[in-house]
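Shown next, in structure tokens, is the structure this report addresses.
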Amino acid sequence: MPRTPDIERKTSISYKTEEKTVLRGYDLSELAEEGYSFTDAMFVMFQNRIPTQEEEKMLRYEMGVFLEHSMSPSAAGAIGVSVGRPNLTSAIAASISTFGGVHGPGAAHGYMMKKYLRRAHEEGKTVEEIAKVLVDDYMDNGTPVMGMGQPQHTDSDPRAEPIHLKQEELGLKGVYLRLQRALEKYFHARRKAEGRRYVGVNVVGAGNTALCDIGFAPNAAWCIGSVCRGFSCAAHALYNMKRGRAWAASKGEPMVQMLDLSMIKYVGPEDRKVPKQSERQKYAKDQKKEGEYKKWVI
Amino acid sequence: MGDLKPKDKKGIGNLDDPGLPFNYSEREYGTVEIDETRARFQWVSEVAYKNVHRIVSRGYDTTELMEEGYGMTDVLFVDFQARIPSVEEDQMLNYVMIMALEDGLSAPAAMSRLVAQSKTFLTQACGASIHAFGHAYGAYSAFGNRLLDELKTGNENGQDMNAIAQDIVDNNLDDESLGVSNLMLKDPAAKRMIARAEKLGVAGEYITLMKLIVEKAQAASDEPVDIDMLGAMGSVMMDLGFTAEATWAILAVTRSFAAGAHFIEEIERSEYRKLGQVLTPKEMYDGEADRPVPPLAEREANSKPALSTNLDEWAKAEEELKSVWGSGASIHEEIEDPSKKTGIKSVGKKI
Chain U
1 MPRTPDIERK TSISYKTEEK TVLRGYDLSE LAEEGYSFTD AMFVMFQNRI PTQEEEKMLR
61 YEMGVFLEHS MSPSAAGAIG VSVGRPNLTS AIAASISTFG GVHGPGAAHG YMMKKYLRRA
121 HEEGKTVEEI AKVLVDDYMD NGTPVMGMGQ PQHTDSDPRA EPIHLKQEEL GLKGVYLRLQ
181 RALEKYFHAR RKAEGRRYVG VNVVGAGNTA LCDIGFAPNA AWCIGSVCRG FSCAAHALYN
241 MKRGRAWAAS KGEPMVQMLD LSMIKYVGPE DRKVPKQSER QKYAKDQKKE GEYKKWVI
Chain H
1 MGDLKPKDKK GIGNLDDPGL PFNYSEREYG TVEIDETRAR FQWVSEVAYK NVHRIVSRGY
61 DTTELMEEGY GMTDVLFVDF QARIPSVEED QMLNYVMIMA LEDGLSAPAA MSRLVAQSKT
121 FLTQACGASI HAFGHAYGAY SAFGNRLLDE LKTGNENGQD MNAIAQDIVD NNLDDESLGV
181 SNLMLKDPAA KRMIARAEKL GVAGEYITLM KLIVEKAQAA SDEPVDIDML GAMGSVMMDL
241 GFTAEATWAI LAVTRSFAAG AHFIEEIERS EYRKLGQVLT PKEMYDGEAD RPVPPLAERE
301 ANSKPALSTN LDEWAKAEEE LKSVWGSGAS IHEEIEDPSK KTGIKSVGKK I
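Protein chains in written order, with this note's numbering: chain U, 1 to 298; chain H, 1 to 351.
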């Protein structure tokens with residue numbers, strides 16, 4: 001049986017021989033035998049180091065609190081895919097892939113913090129001063145401040161403030177938390193002064209801050225959050241595969257199903273006659289000239 | 001437009017053909033009325049819910065769980081099994097997940113790196129890596145369900161563990177999902193995992209059965225074999241109470257974290273690949289020799305229809321197509337009722 005790598009690369013992450021699998025120099029089996037946790041291994045993998053106990057606790061908290069979020073785009077994606085009954089892995093892959101620009105712990109929040117911290121360093125500003133600059137930059141341009149607000153938890157994300165508190169309790173109040181706290185303080189004050197409603201910090205704002213303070217780069221943090229959600233989405237997909245009906249359109253269910261025909265609301269062009277092929281050229285030219293179709297172009 | 005009559009719909013292609021069992025032109029337009037006789041659609045879940053202020057999984061507020069000192073791995077027990085694990089169970093799950101995290105440049109890492117080369121989101125690469133866990137590389141579903149089914153059937157038939165293990169080996173010695181192979185003859189990691197489960201007191205009937213399967217397979221095999229990571233992780237996870245599917249999901253997602261690291265390293269150390277950039281040397285090609293494209297006008301003379309009008313022709317055509325690699329004619333799939341199983345029983349077996 002061929003045991004050559006599936007892809008040829010120089011890598012500093014790991015190697016695997018017939019005798020052992022080695023991650024950043026540590027035999028994986030030895031790591032597990034020694035009693036390190038899975039979250040410890042995440043530090044080894046992404047940061048090439050053994051974390052302090054407090055750092056490990058922080059990551060365990062962050063991943064635990066982020067893992068399950070009931071019906072979000074990721075769970076809806078997993079459930080939507082699962083009704084066609086592909087392999088379970090397709091539903092999980094879909095759920096992780098939902099983490100794009102607006103859902104979940106994107107790397108952008110981390111990069112935003114790094115950008116402004118770098119600027120503070122270069123311009124000789126304090127962290128608190130640059131937090132105000134950050135908020136003004138975003139709000140003056142009508143751009144949402146990353147890490148603030150959540151469409152379902154409208155008056156404060158139940159995970160976010162506790163993450164801040166846990167970070168402080170564990171003595172992990174680094175420069176990122178200082179920036180995030182200052183940002184929030186100024187953000188709230190400015191919105192209040194403008195007579196706008198309260199918008200709390202979300203799990204990205206709090207979670208990414210903690211992950212940055214314990215050394216994870218923005219993309220590593222994004223990976224940790226999005227992949228972690230894959231666990232619970234697998235549970236949601238499995239529940240639907242084992243307890244629900246395939247296709248999600250059965251008339252026999254007491255509740256109207258997700259894909260029941262009556263769930264469809266159509267707001268497109270009115271029903272119309274298919275042109276004969278013999279009329280096609282004139283029809284097409286007239287249609288293009290008339291231009292009404294343009295309002296439907298997406 | 002917008003006020004169509006049935007007569008407007010006459011004369012379109014074959015739609016007036018009397019062979020149709022219905023009158024196509026009479027069929028209604030418009031969406032289906034909202035069904036007021038049944039409850040409206042809701043996302044129904046027994047796993048979790050949330051409101052404006054809380055996220056609750058299996059009855060436990062997840063923020064309260066973390067504040068109480070539970071961790072990510074505990075939530076996996078809550079989500080998949082609706083229970084709080086013992087300290088030892090949580091330790092064992094951590095152990096298994098560490099071992100599942102990294103596997104060098106095998107399929108999940110390779111897939112993640114290939115996706116990374118196209119300059120896309122990290123999450124797409126992590127998602128792609130999950131697809132590596134098919135029924136050979138990540139055969140936890142087939143492995144676990146076999147143990148589950150054979151134990152059930154064996155118990156119903158009054159067989160002891162020895163007999164159940166022997167039956168499994170007799171019927172599956174060469175199956176990629178047996179959990180016994182020649183992959184870990186020099187690496188003690190799989191055996192250490194089993195020993196750790198026993199030391200922590202979390203070993204149960206699946207580990208007992210797995211050890212017997214190893215014994216029987218070693219006796220039956222012509223070459224040295226031993227428990228591999230599939231056998232160790234699969235049996236330990238099932239003794240921790242996870243179903244075969246939950247095991248499959250958890251371990252595939254676990255590996256996906258490392259796929260993220262490989263994505264990042266690929267971006268950091270390699271370059272993106274542009275469309276058309278990658279060449280395939282002719283030395284790698286063993287298909288038809290280079291040949292001229294026949295003139296379109298001579299198409300009839302050069303074309304070869306696939307139509308078979310009797311079973312002999314059909315059988316002959318099936319055989320002929322097997323010589324065309326990539327046609328799919330050499331792949332045989334046994335289809336099971338897809339509404340009962342997650343996936344099909346066997347994928348990609350050669351006839």
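Every residue gets a Cβ at the ideal spot worked out from N, C-alpha and C, and that includes glycine.
Nonlocal neighbours in the same chain, by C-beta distance under 6 Å from residue i, ignoring five residues either side
i	result
K285 (chain U)	none
A220 (chain U)	F46
S86 (chain H)	none
L59 (chain U)	T39
Per DSSP, the bridge partner or partners of residue i
i	result
Y49 (chain H)	H:V56
S270 (chain H)	Per DSSP, none; premise fails for S270 (chain H).
D226 (chain H)	H:S181
Y26 (chain U)	U:L23
A39 (chain H)	U:M255
M284 (chain H)	DSSP output for M284 (chain H) lists no bridge partner at all.
Short Cβ contact (7 Å threshold) for residue i with residue j
i	j	result
V203 (chain U)	D155 (chain U)	no
I207 (chain H)	S235 (chain H)	yes
E184 (chain U)	V199 (chain U)	no
F263 (chain H)	A116 (chain H)	yes
C223 (chain U)	S95 (chain U)	no
S37 (chain U)	N94 (chain H)	yes
Y49 (chain H)	S278 (chain U)	no
N172 (chain H)	V225 (chain H)	no
M233 (chain H)	V96 (chain H)	yes
A189 (chain H)	S14 (chain U)	no
A93 (chain U)	H131 (chain H)	yes
G31 (chain H)	Y138 (chain U)	The displayed chain sequence assigns Thr, not Gly, to residue 31 (chain H). For T31 (chain H) and Y138 (chain U), no; Cβs fall outside 7 Å.
H236 (chain U)	A131 (chain U)	no
I164 (chain H)	G179 (chain H)	no
M92 (chain H)	L209 (chain H)	no
R54 (chain H)	A82 (chain H)	no
S226 (chain U)	F99 (chain U)	yes
V256 (chain U)	R38 (chain H)	yes
Cβ-based burial, residue i [other Cβ within 10 Å; buried from 16]
i	result
W247 (chain U)	exposed
D213 (chain U)	buried
I12 (chain H)	exposed
F80 (chain H)	buried
W248 (chain H)	buried
I163 (chain U)	buried
N145 (chain H)	buried
N51 (chain H)	exposed
R196 (chain H)	buried
P338 (chain H)	Its pLDDT being 43, under 50, P338 (chain H) is placed unreliably in this model, and the value from its coordinates should be taken loosely. Exposed, by the Cβ-count rule.
P6 (chain H)	exposed
P218 (chain U)	buried
Q152 (chain U)	exposed
N87 (chain U)	buried
Neighbourhood of residue i by C-beta distance below 7 Å, restricted to the same chain and skipping five residues each side
i	result
Q166 (chain H)	K216
K322 (chain H)	A329 and S330
G171 (chain U)	E54
G174 (chain U)	D213
A259 (chain H)	P108, A109, S112, A125, C126 and S129
The beta strand (DSSP E) enclosing residue i, as first and last residue numbers
i	result
T21 (chain U)	T21 to L23
Y111 (chain U)	No beta strand (DSSP E) holds Y111 (chain U); the alpha helix (DSSP H) holding it covers A108 to E123.
K16 (chain U)	S14 to K16
Element boundaries [alpha helix (DSSP H), containing residue i]
i	result
S90 (chain U)	L88 to S97
S74 (chain U)	P73 to S82
K199 (chain H)	A189 to L200
Y198 (chain U)	Element bounds for Y198 (chain U): n/a, residue is neither H nor E.
K299 (chain U)	No statement about residue 299 (chain U) is possible, as the shown extent of chain U runs from 1 to 298 and does not include it.
V102 (chain U)	That residue, V102 (chain U), is in no alpha helix (DSSP H); it is neither H nor E in DSSP.
W299 (chain U)	The structure shown does not extend to residue 299 (chain U), since chain U is modelled only from 1 through 298, so no value can be given for it.
V169 (chain H)	M161 to N172
H164 (chain U)	A160 to E169
W314 (chain H)	L311 to L321
Residues near residue i by beta carbon distance below 8 Å, same chain, minus five either side
i	result
I50 (chain U)	Y36, D40, F43 and V44
V301 (chain U)	In the structure as shown, chain U starts at 1 and stops at 298, and residue 301 (chain U) therefore has no counterpart that could be examined.
I29 (chain H)	Position check: residue 29 (chain H) holds Tyr in this sequence, whereas Ile was assumed. Cβ neighbours of Y29 (chain H) beyond the five flanking positions: L4.
E315 (chain U)	With chain U running from 1 to 298 in the structure shown, residue 315 (chain U) is simply not present.
Residue i CB to nearest heavy atom of the ligand MN below 6 Å
i	result
A246 (chain H)	With respect to the ligand MN, the structure shown offers nothing to examine, as it has no ligands at all.
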